[in-house]
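Residue numbers (our numbering), protein chains in the order written: chain C, 3 to 501; chain Z, 2 to 255.
Every residue gets a Cβ at the ideal spot worked out from N, C-alpha and C, and that includes glycine.
On a predicted model such as this, the values are computed, not experimentally measured, just so you know.
What follows is the structure, encoded as structure tokens:
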């Protein structure tokens, strides 16, 4: 006898989101607007003076300035990496601003003091900067937000409430001043100053970002989130995020990024460091939607990012989930160092490229401890004239007895002018390690399109539906709020990719 | 005379250099069920694809009117919105898209195109439940990705479920009986028969007479070499079963 269940909430929401995706109007990059804000800038270009200026503006202690200057000196001796499958004209590092701050953002004491123009901008972006009261009797999901515009954090919500549990959530600038011991202990401990060209540059000039510390045994009661926005022209964004989950702690963290549509390229070079101590778990999700450039490949953000998590303690777990739809160039490999025994790392990725976008992204899973496990699921979707490369490294150290990895890389091509590439590096120095790698490349078939259209879906609706099906395994790992946004994003990013 | 639901006039179709349909003439009045019988390769499936608007086929001559409107210039999705439905001989897999999700997307796409509001989730659930019950389609099947790993019978039942939900006025069933055992054939046929009505016409394409024992047609057309060579009542199917297609080819040749 057939039985019909009322669908669970999750399923209903899934259906609902597809509905919303399908109901979307034709709109291109909808975050391309610019907000007029009065700003204060550092002099153009990069020099010791500019670094001193940034440090001074941030009221940093001497040790921090020394750290920056040391990084700058190292950076001057380094060369830009060229191994990625991306092509772009040489970046002129003297032709941009390294510091731009909305004038009104001088550390508001409460949300009431935040410039209304800023609040309005974030509202337009769909980021809640109000600590909304809970409706009587109705539990609403709450998200604590740190909002970073250009070079500074303008607001952080729910701080007081989180503080009661011992959770520190603030901008990294504040953390440097107020929690110097924690910052000194962990900053650069996962991504060393000299790690790579862009990470070293970031170490010299980083301006803001989020800092989060979850104390022993605390499960963070809400999603933490940082929302990055590049607003000013000719301004690079160099944010630095440091997230520490102490023994037995848990935190889920979301990151969102947008930028106005501009003709020139903007540089974004961030560093994110995660530390998970014994039995701790960090779930880090990103929806990267920087301006991808226009349909002719003009403008767009150059996104050179170093993200790394250190499973420092036994039984710790770090999980990266990323949705990459924006940027002219993406160069990004969120990685896990599986140091603690039995620790585990995960990487779930959806990377969509359209127009003339170039994506070179993947992960590194470095197995150092015993019985460490990692799992990689990557879904690359290439359309238009874009190039989409998965680059991943899985390695097992001689001591990593019983290390296990499973990797699945699927690529989907839309049209015949785009490219998908898979470049896995697998190294095992341990006979007991078991690494599995599966890869597929497929195209949306004409038969699938015809079938969907015969049921009444337009060409673009059909593509959005098929692609959403293709990325489903990864979508499921996103927090609910992001799942909705992501499904919308997918259909928007692929607009104009067929026909 | 009222406008027929489907009228095909002198339809010529080729793929590359080969002419597959060579002057098809066919009229299906409103509310009637017509069968097209013909051997493999006679052009039956091509006809169904051309009616639904698949690319790769070149129409060199002729017209197809759906309820009086020429549809040959329309996109497949617009034909669907206009009320044309094709139950595929080989339904296509859509990995990762739950059957339920697909049904709702299709239904809402059609509603949107007609300027109607989207269906509410409770109304949708009820519609699926009602339509699914007769076809023995349970909640588990609706959660699975459409057609992925479906048995032959499941695929055909899912096609008829879509037909029931989308409420088309012109249904084309392409070899709906292929791959079905006798029990599944009964379930599917009952599902189709339940959808018969004065405002809905059907064109049932098959090369076995057995399907027509379950879905009894008003008119049977014999298809050969890219055109209709004979039309008659439901007994024509039996006659065909008796003497085979060869007999008709000879008559035509004579």
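Sheet register partners of residue 440 of chain C (DSSP bridge): C/410
Residues of the region 188 to 202 of chain Z whose Cβ lies closer than 9 Å to any Cβ of chain C, in chain order: Those would be none; no residue qualifies.
Beta carbon proximity, residue 27 of chain C to chain Z, threshold 8 Å: In this predicted model, residue 27 of chain C has a pLDDT of only 31, less than 50, meaning its place in the structure is not dependable enough to derive any value.
Straight-line Cα distance separating residue 272 of chain C from residue 198 of chain C: Whole-angstrom Cα-Cα distance: 12 Å.
Which of helix, strand or coil DSSP assigns to residue 104 of chain Z: helix
Chain C within 8 Å of residue 56 of chain Z, Cβ atoms only: yes
Contact between the region 43 to 50 of chain C and the region 89 to 102 of chain C (3+ Cβ pairs under 8 Å): yes
Alpha helix (DSSP H) segment containing residue 399 of chain C, residue limits: Residue 399 of chain C -> no alpha helix (DSSP H), and no H or E assigned at all.
8 Å Cβ cutoff, residue 6 of chain C in contact with chain Z: Interpretation of residue 6 of chain C is limited by its pLDDT of 35, a score under 50 that renders its predicted location unreliable; the figure taken from the coordinates is listed afterwards. By this cut-off, residue 6 of chain C is an interface position.
Contacting positions in the region 73 to 93 of chain Z - beta carbon closer than 9 Å to chain A: The chain labelled as chain A is not found among the protein chains of the depicted structure, namely C and Z.
CB contact below 8 Å: residue 3 of chain Z versus chain C: no
Chain Z contact for residue 450 of chain C (CB, 8 Å cutoff): At a cut-off of 8 Å between beta-carbon atoms, residue 450 of chain C makes contact with chain Z.
Cutoff 8 Å: residue 20 of chain Z Cβ touching any chain C Cβ: no
Beta-bridge pairing of residue 367 of chain C - partner residues as DSSP gives them: Residue 367 of chain C pairs with C/338, C/396.
Residue 324 of chain C, enclosing beta strand (DSSP E) - first and last residue: Segment 319 to 326, the beta strand (DSSP E) holding residue 324 of chain C.
Cβ-based neighbour list, residue 302 of chain C, same chain, cut-off 7 Å, excluding 5 preceding and 5 following: 267, 293, 294, 295, 329, 330
For residue 335 of chain C and residue 363 of chain C, believed in contact at Cβ under 8 Å, the rounded distance: 7 Å
Below-8 Å beta-carbon distance, residue 66 of chain C vs any chain Z residue: no
Span of the alpha helix (DSSP H) around residue 192 of chain Z: DSSP places residue 192 of chain Z in the uninterrupted alpha helix (DSSP H) bounded by 183 to 195.
4 or more residues per run - each alpha helix (DSSP H) lying fully within the region 111 to 194 of chain Z: 122 to 135, 140 to 144, 153 to 167
Residue of C/176, C/84, C/88 minimising C-alpha distance to residue 60 of chain C: C/176
Residue 211 of chain C versus residue 72 of chain C - alpha carbon distance: 20 Å
Where residue 210 of chain Z sits in the DSSP three-state scheme: coil
Reference residue 386 of chain C; option with closest CA among C/399, C/416, C/410: C/416
Three-state class that DSSP yields for residue 245 of chain Z in the structure shown: Residue 245 of chain Z falls in the helix class under three-state DSSP.
Integer Cβ distance of residue 63 of chain Z from residue 10 of chain Z, believed to fall under 8 Å: 6 Å
Straight-line gap, residue 48 of chain Z to residue 414 of chain C (C-alpha atoms, nearest Å): Roughly 31 Å separates the two Cα atoms.
Distance between residue 85 of chain Z and residue 53 of chain Z (C-alpha atoms, nearest Å): In a straight line, the C-alpha of residue 53 of chain Z is about 7 Å away from that of residue 85 of chain Z.
Sequence-distant residues of the same chain with beta carbon closer than 7 Å to residue 208 of chain Z, five excluded per side: 38, 39, 40, 41
Min CB distance residue 379 of chain C to chain Z below 8 Å: Residue 379 of chain C does not count as touching chain Z.
Start-to-end residues for the beta strand (DSSP E) that takes in residue 228 of chain Z: Boundaries of the beta strand (DSSP E) harbouring residue 228 of chain Z: 228 to 233, taken from the DSSP string.
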